[in-house]
Amino acid sequence: MSKFSCTFIGIFSLVISLFAFINIIYSNYFNHFLNIQSYYFALIPSLLIGVAFLTKKKDNKKITIYEKIIIIALGYLLLPLLISAPYYFSIYDISLINSYFESISGFTSTGFSIFDNIMQIDQSLILWRSTSQWIGGLYFLFSIVILIEIFDINLKKTFTDLFFFNNSEILKQLIKILILYFSLTIIIFLILKFSGFRYLDAFNLAFTIISSGGFLPTNNLDSILTNKLKEIALSLSMLLSFFSLFLVYNFIFLKNKKINFFQEDIYLFSYLLTVIAFFTLFTDFNKNFTDLLFSITSSISNIGISKTSFNSNNSFLFLILVIIGGSLFSSSSGLRFLKLYTLFKFSINELISHAKPKEVNIIKLRFSDYFYDTKEINKIFITLIFFILSFLFLGCVFTFMGIDFVYSFKLSILTLMNTTTSNIYGMGDFTFFDLSLITKYFLIIFMILGRIELLTLLIVLKKIFFKN
Numbered sequence: 013m014s015k016f017s018c019t020f021i022g023i024f025s026l027v028i029s030l031f032a033f034i035n036i037i038y039s040n041y042f043n044h045f046l047n048i049q050s051y052y053f054a055l056i057p058s059l060l061i062g063v064a065f066l067t068k069k070k071d072n073k074k075i076t077i078y079e080k081i082i083i084i085a086l087g088y089l090l091l092p093l094l095i096s097a098p099y100y101f102s103i104y105d106i107s108l109i110n111s112y113f114e115s116i117s118g119f120t121s122t123g124f125s126i127f128d129n130i131m132q133i134d135q136s137l138i139l140w141r142s143t144s145q146w147i148g149g150l151y152f153l154f155s156i157v158i159l160i161e162i163f164d165i166n167l168k169k170t171f172t173d174l175f176f177f178n179n180s181e182i183l184k185q186l187i188k189i190l191i192l193y194f195s196l197t198i199i200i201f202l203i204l205k206f207s208g209f210r211y212l213d214a215f216n217l218a219f220t221i222i223s224s225g226g227f228l229p230t231n232n233l234d235s236i237l238t239n240k241l242k243e244i245a246l247s248l249s250m251l252l253s254f255f256s257l258f259l260v261y262n263f264i265f266l267k268n269k270k271i272n273f274f275q276e277d278i279y280l281f282s283y284l285l286t287v288i289a290f291f292t293l294f295t296d297f298n299k300n301f302t303d304l305l306f307s308i309t310s311s312i313s314n315i316g317i318s319k320t321s322f323n324s325n326n327s328f329l330f331l332i333l334v335i336i337g338g339s340l341f342s343s344s345s346g347l348r349f350l351k352l353y354t355l356f357k358f359s360i361n362e363l364i365s366h367a368k369p370k371e372v373n374i375i376k377l378r379f380s381d382y383f384y385d386t387k388e389i390n391k392i393f394i395t396l397i398f399f400i401l402s403f404l405f406l407g408c409v410f411t412f413m414g415i416d417f418v419y420s421f422k423l424s425i426l427t428l429m430n431t432t433t434s435n436i437y438g439m440g441d442f443t444f445f446d447l448s449l450i451t452k453y454f455l456i457i458f459m460i461l462g463r464i465e466l467l468t469l470l471i472v473l474k475k476i477f478f479k480n
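First residue of the sequence shown: 13, per our numbering; consecutive thereafter.
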């Protein structure tokens with residue numbers, strides 16, 4: 013294995029072992045001894061793998077983008093195996109496939125769960141579910157930096173004025189991301205705690221929100237969202253995983269605050285205000301603004317959680333918000349608003365150029381210094397096409413497996429966008445435990461594909477079938 017792959021997988025193996033150790037300490041301190049031994053099955057293997065990978069003799073050959081994609085994908089397959097150990101070796105008799113399904117769902121920050129009653133499992137395992145999301149969210153952000161030339165060339169301007177990353181630059185940005193990710197987690201925890209949440213609920217929700225995950229520390233949010241202040245605090249916290257991770261950093265620490273550093277967030281803020289205004293004026297939410305705000309922020313951040321008491325006939329509109337997604341560099345999924353807006357503007361310019369052939373139309377977004385070329389537009393368009401094909405294929409598979417057509421339609425979108433099922437999308441009563449093995453295999457595969465840029469699969473296929 014290359015130096016990069018050993019280091020990357022080894023670091024995250026050690027992170028898993030660290031959280032397993034924290035769970036052991038937590039279980040000892042609060043006398044949760046029922047499953048304490050199960051965490052050793054995650055601690056010891058992940059620690060050994062991490063140490064072995066980091067101390068392994070490595071080569072210094074230059075790694076290709078194809079090899080980077082393979083390593084990122086392998087991480088999504090192998091690291092959840094370590095995370096699944098506490099589920100499988102717990103006292104709750106969870107099968108291997110269900111354990112792996114739960115860990116994949118957490119690591120990809122999707123939030124699908126085989127547990128129908130969360131309150132039947134002990135608090136340490138609930139904490140483990142939340143930490144699996146946190147680790148997965150960090151892994152996703154790291155993978156963006158590693159595959160940055162695939163995600164978006166303009167995204168490099170968020171990190172640095174350099175257009176090409178060297179190893180030292182990548183390491184510097186990864187450390188900065190870790191610090192920001194951890195700091196924002198603490199900020200969310202403090203917001204929730206000071207708004208009245210219990211310590212453990214605030215801690216679990218902070219891990220869920222920062223990673224755009226969907227695991228809850230309770231069966232329903234109604235039991236902990238007991239007042240409007242808590243609901244507003246949770247809604248505003250979810251926006252931190254909708255906007256760019258670097259928004260707060262750029263706003264506080266940049267000496268020369270150029271507007272192009274905030275151009276995506278300006279667009280996202282305008283988009284958010286437009287969505288709120290639309291729902292307020294044209295839907296039945298005008299009587300309960302806090303429910304409206306909560307539902308919108310939960311959808312645009314690709315978290316997807318909702319109150320059990322929530323009821324609306326606008327699930328299709330919320331699914332559109334899920335598909336659009338949030339910032340290019342955030343833990344949310346989706347096709348990303350700025351990409352879709354760029355594709356829309358390109359399409360309008362193409363129509364204008366046919367109507368007025370003598371006019372020269374350049375694709376440049378307001379507040380940005382970057383000019384989008386045809387290659388970047390083609391990448392966005394191919395990603396959109398691939399999402400549509402994946403959605404149609406997955407919907408057909410789910411329907412063939414006996415899932416209701418409407419549920420298949422919605423579940424396909426939520427799987428590819430790594431968003432949990434809830435009452436916002438009319439799927440609050442959907443259960444994953446009784447699904448067939450084949451259905452769970454497909455869900456696992458497409459949860460991973462949803463977390464990896466869909467364009468990467470085409471690059472791998474091109475490498476396999478068109479080697480020259």
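Even glycine gets a Cβ: it sits at the ideal position worked out from N, Cα and C. Note that the structure is a prediction, hence the values are computed from the model and not measured.
Start and end residues, alpha helix (DSSP H) containing residue i
i, result
"Tyr453", "449-463"
"Phe322", "Looking at the DSSP string, Phe322 is not in any alpha helix (DSSP H), and its letter there is neither H nor E."
"Gln275", "275-294"
"Leu91", "77-100"
"Ser339", "Per DSSP, Ser339 belongs to no alpha helix (DSSP H) and is neither H nor E."
"Phe127", "Careful: Phe127 lies outside any alpha helix (DSSP H) and carries neither H nor E."
"Asn216", "211-222"
"Leu55", "52-67"
"Ile244", "240-250"
Residue i, DSSP secondary structure in three states
i, result
"Thr443", "coil"
"Arg348", "coil"
"Gly414", "coil"
"Arg141", "helix"
"Leu257", "coil"
"Lys232", "Sequence check: residue 232 is Asn here, not Lys. Three-state result, Asn232: coil."
"Phe405", "helix"
"Thr172", "Confidence at Thr172 is low in this model, with a pLDDT of 45, below 50, so its placement is unreliable and the value that follows should be read with caution. Thr172 falls in the coil class under three-state DSSP."
"Leu426", "helix"
"Ser359", "helix"
"Phe33", "helix"
"Lys74", "coil"
"Thr120", "coil"
"Ser207", "coil"
"Asp303", "helix"
"Ser195", "helix"
"Phe399", "helix"
"Asn390", "helix"
"Ser25", "helix"
"Gly148", "helix"
"Asn47", "coil"
"Thr19", "helix"
"Phe227", "coil"
"Thr432", "coil"
"Tyr104", "coil"
"Ser313", "coil"
"Phe201", "helix"
"Phe42", "coil"
Contacting residues, own chain, Cβ-Cβ under 6 Å from residue i (five flanking each side not counted)
i, result
"Ser247", "Leu305, Phe306, Thr309"
"Trp140", "Asn35, Pro98"
"Phe454", "Val409"
"Thr432", "Gly123, Gly226, Gly316"
"Asp173", "Reliability fails at Asp173, whose pLDDT of 42 lies under 50, so the model's placement of it is uncertain and the value that follows must be treated cautiously. Excluding positions up to five away in sequence, the list is empty."
"Gly438", "Ser327"
"Asn480", "At Asn480 the pLDDT is 49, less than 50, meaning the model places this residue with poor confidence; the figure from the coordinates comes in the next sentence. Excluding residues within five positions, none has a Cβ falling inside 6 Å."
"Leu259", "Asp277"
"Ser102", "Asn47, Ser50"
"Asp213", "Pro229, Ile236"
Whole-Å CB distance - residue i paired with residue j, under 8 Å assumed
i, j, result
"Gly316", "Gly226", "5 Å"
"Ile436", "Ser318", "4 Å"
"Leu217", "Leu237", "That pair is no contact at about 10 Å."
"Phe403", "Ser424", "5 Å"
Cβ shell of residue i (< 7 Å), same chain only, five flanking positions each side left out
i, result
"Leu350", "Glu276, Tyr279, Leu340"
"Ser311", "Phe330, Leu333, Val334, Ile436"
"Ser420", "Gly407, Phe410, Thr411"
"Val27", "Ile147"
8 Å Cβ shell around residue i - same chain, five flanking residues per side excluded
i, result
"Ala64", "Gly22"
"Ile222", "Trp146, Gly149, Tyr193, Leu196, Thr197, Ile200, Leu252, Ser253, Ser343"
"Asn129", "Asn231"
"Val287", "Ile308, Ile312, Leu333"
"Leu55", "Ser29, Ala32, Phe33, Ile36"
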